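Chains as they are written, first to last, in my numbering: chain W, 490 to 666; chain D, 928 to 1393.
Ideal Cβ positions, reconstructed from N, Cα and C, are used throughout, including at glycine.
If you're wondering where the values come from, they're calculated on a predicted model, not measured in any experiment.
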């Protein structure tokens, strides 16, 4: 495990940060990570991140929820113990479907929503008892932090970042994961 | 500035003429039918084991009276209740003349068909422009920043509202008991339920109500268009026209939600005068809203493809497609809410409405769910597809067809019963009103610049970016 030198540039405004990101990208520097107190609209595009695939995952989770609901109710209400509820004998899933639709809908939403959140946390490497990764606690308040790896170009990066309006610039030795 | 091209003008007039001829012939031929013709027809159908000849698409006919399980026995019981309710003429006849009475009943249904076909098409195109008017008013009342680039398209579509609404009311008045059974004094005389509703359901009051609605909607549309055009010419710092528009839009929306609801009881729900549903106004609203938004999108894409609306970008189309997606889901929610409660409660006078539709209108009734929900839901779900014009056009055409079927399912069962088919009268009536709609809307489009440049939000709208 070697150590990696990174530069931390702090900003106090999301618009300034966004134009700084564009300037840094224009100079072909790699941005390792950005920590912000709130989601900044358009930041992912400016950083050149790939579009999220969580929507595809959500669709598949929704399908799983729909299948679970259908098979579950078919077993409980039709196969295992048919019941006559409201004068509607449960001999066929299809004929009684209107009664099942709300649950099918709810479980679809339930699976899509919960599994999507869990996926998002795991994908963001956030799980219980994990230590916070953000290097400066002010990024949870009103500061924005941009992290750029240094490859013997400290001076050049520092002048560039100062020009983009960074309020603080630190060089930090970071333990590589 | 858009000029109404000669080609489009000819196409719209042609559609109108073809529709008028087609509908006229079917009208005349249905009126030439006599009770003897119907008896021959019925005899032929009986020898063919059920009604394949006249039904075409109907597959449930043969299983109509076959009772297999308890469940179906239950449905069949309800069906008999329903029969006695709708076929009022049958009851009055003695049993000896059962065949005669049935033939006469079928003859009535066949006579009703051209009226009902015309009424369904007229209502469908009218409801598009009323839906757009509501959408337009919401944009003003919400002071939406994304949509002003589309205002001129919406204003052009709502230009059809006054003629369209007058057609609907006029056809209702002219067709009378061919569509609205409660307009037949003979039926009312034998029907206590309708007698109890006569204070509301009588011809004079029906007409007055209709005229009040149309006046209110048209006044709003007139002044809102006037302010919108005046705002273009006003001084840069003078937003008084916009503010006036904001005020009347907010007022109109209150008027609209009451009158739209009452209109849907009057013009649609009263064709089944025994039946009622408390969310019917909302249900019709969802249908007209999604159809209206779809037409905005289609006309915008058409004009953009002509290079006339370069200021409309992907994000505007994306937002329209999102509305198409969302309101399709909303429509399904209301459709299902209405269906499930009535299905679960299973009260004979309520459930007869759906029993008729499931038995006699199986394909359009369930096919509509695919057209209006499953197809747009799957096609428009992906965010990227909402920006692809041909995807929107494809989904839009399916949605419009689906909502035509929706109106069809609301009117036809009460007027033509199981004698339905989407044939010459229906298609001709659609062509007739489509021609009229295109002519009026594109005429209105050519009357003003396509960009409402005076709107205070127009810069925001032009730069709208998602």
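key: Helix, strand or coil at residue 1183(D) [DSSP, three-state]   = helix
ask   = Is residue 1240(D) close to chain B, meaning its C-beta is less than 8 Å from at least one C-beta of that chain?
value = In the displayed structure, chain B is absent; the protein chains listed are W and D.
message = Along the stretch 536-561 of chain W, where does the CB come closer than 8 Å to a CB of chain D? Name the residues.
response = 544, 548
message = Between residue 1073(D) and chain W, is any beta-carbon pair separated by less than 8 Å?
response = no
request  = Under 9 Å between beta-carbons, which chain D residues line up against residue 590(W)? List them in chain order, please.
outcome  = 1263, 1267
request  = Report yes or no: do three or more beta-carbon pairs, one from the stretch 944-963 of chain D and one from the stretch 1037-1049 of chain D, lie closer than 8 Å?
outcome  = yes
ask   = Using a C-beta cutoff of 8 Å, does residue 587(W) count as contacting chain D?
value = yes
request  = Look at residue 1034(D) and residue 935(D) and say whether their C-beta atoms are less than 8 Å apart.
outcome  = At the C-beta level, residue 1034(D) and residue 935(D) stay beyond 8 Å of one another.
query = Using 8 Å as the limit for Cβ to Cβ distance, is residue 1280(D) near chain W?
reply = no
key: Under the three-state DSSP convention, the category residue 499(W) falls into   = strand
request  = Could you work out which residues of chain W lie near residue 1171(D), taking near to mean beta carbons separated by less than 9 Å?
outcome  = Contacts between residue 1171(D) and chain W, judged by CB atoms closer than 9 Å, are missing: the closest CB pair is about 34 Å apart.
task = Locate the beta strand (DSSP E) running through residue 524(W), then write down its first and last residues.
result = Element bounds for residue 524(W): 522-524.
ask   = CA-CA distance, residue 595(W) and residue 1282(D)?
value = 27 Å
key: residue 654(W) at chain D interface by Cβ criterion, 8 Å   = no
request  = Determine, using beta carbons only, whether residue 1095(D) and residue 1064(D) come nearer to each other than 8 Å.
outcome  = no
task = Would you mind stating whether residue 500(W) and residue 633(W) have Cβ atoms separated by less than 8 Å?
result = yes
query = Is the Cβ-Cβ distance between residue 1108(D) and residue 1114(D) less than 8 Å?
reply = yes
ask   = Apart from the five residues just before and just after residue 1365(D), which ones in its own chain have a Cβ nearer than 6 Å to its Cβ?
value = 939
task = Compute the distance between the beta-carbons of residue 1195(D) and residue 1211(D), then report whether it is under 8 Å.
result = yes
message = Taking only three categories from DSSP, how would you classify residue 1196(D)?
response = helix
task = Just grab the DSSP bridge partners of residue 659(W) for me.
result = Secondary-structure assignment with DSSP links residue 659(W) through a beta bridge to 497(W).
query = Taking residue 1040(D) as the reference, which of 1207(D), 1348(D), 1272(D), 1372(D) has the closest Cα?
reply = 1348(D)
ask   = Within the 8 Å Cβ cut-off, does residue 1270(D) reach chain W?
value = yes
inquiry  = When you compare the CB of residue 1273(D) with every CB in chain W, is at least one pair closer than 8 Å?
reply    = Taking CB atoms only, residue 1273(D) has a neighbour in chain W less than 8 Å away.
Nearest neighbour of residue 1295(D), chosen from 1268(D), 1186(D), 1325(D) [CA to CA] = 1325(D)
task = Please work out which residues of its chain come closer than 6 Å, Cβ to Cβ, to residue 1091(D), disregarding the five sequence neighbours upstream and downstream, and give them in chain order.
result = Once the five neighbours on either side are set aside, the close Cβ partners of residue 1091(D) are 1052, 1053, 1056.
ask   = So which residues on chain W does residue 1310(D) lean against when the C-beta distance must stay under 8 Å?
value = 544
query = Is residue 1237(D) helix, strand or coil when you go by DSSP?
reply = coil
request  = Give, in chain order, every unbroken run of the alpha helix (DSSP H) that is at least 4 residues long and sits entirely within the stretch 523-594 of chain W.
outcome  = 532-536, 543-562, all fully within the stretch 523-594 of chain W.
request  = Identify every residue that forms a DSSP beta bridge with residue 638(W).
outcome  = 495(W)
ask   = Looking at C-alpha atoms only, which residue of 1246(D), 1118(D), 1100(D), 1132(D) is the closest neighbour of residue 1220(D)?
value = When the alpha-carbon of residue 1220(D) is set against those of 1246(D), 1118(D), 1100(D), 1132(D), the nearest one is in 1246(D).
message = Restricting to Cα atoms, I'd like to know which of 1319(D), 1234(D), 1361(D) is closest to residue 929(D).
response = 1234(D)
inquiry  = Would residue 503(W) pass as an interface residue toward chain D - the criterion being a Cβ-Cβ separation below 8 Å?
reply    = no
task = State the Cα-Cα distance for the pair residue 513(W) and residue 623(W), rounded to the nearest angstrom.
result = 21 Å
ask   = At which residues does the alpha helix (DSSP H) containing residue 947(D) begin and terminate?
value = 933-959
request  = Could you pull the start and end residues of the alpha helix (DSSP H) that residue 645(W) belongs to?
outcome  = 643-652
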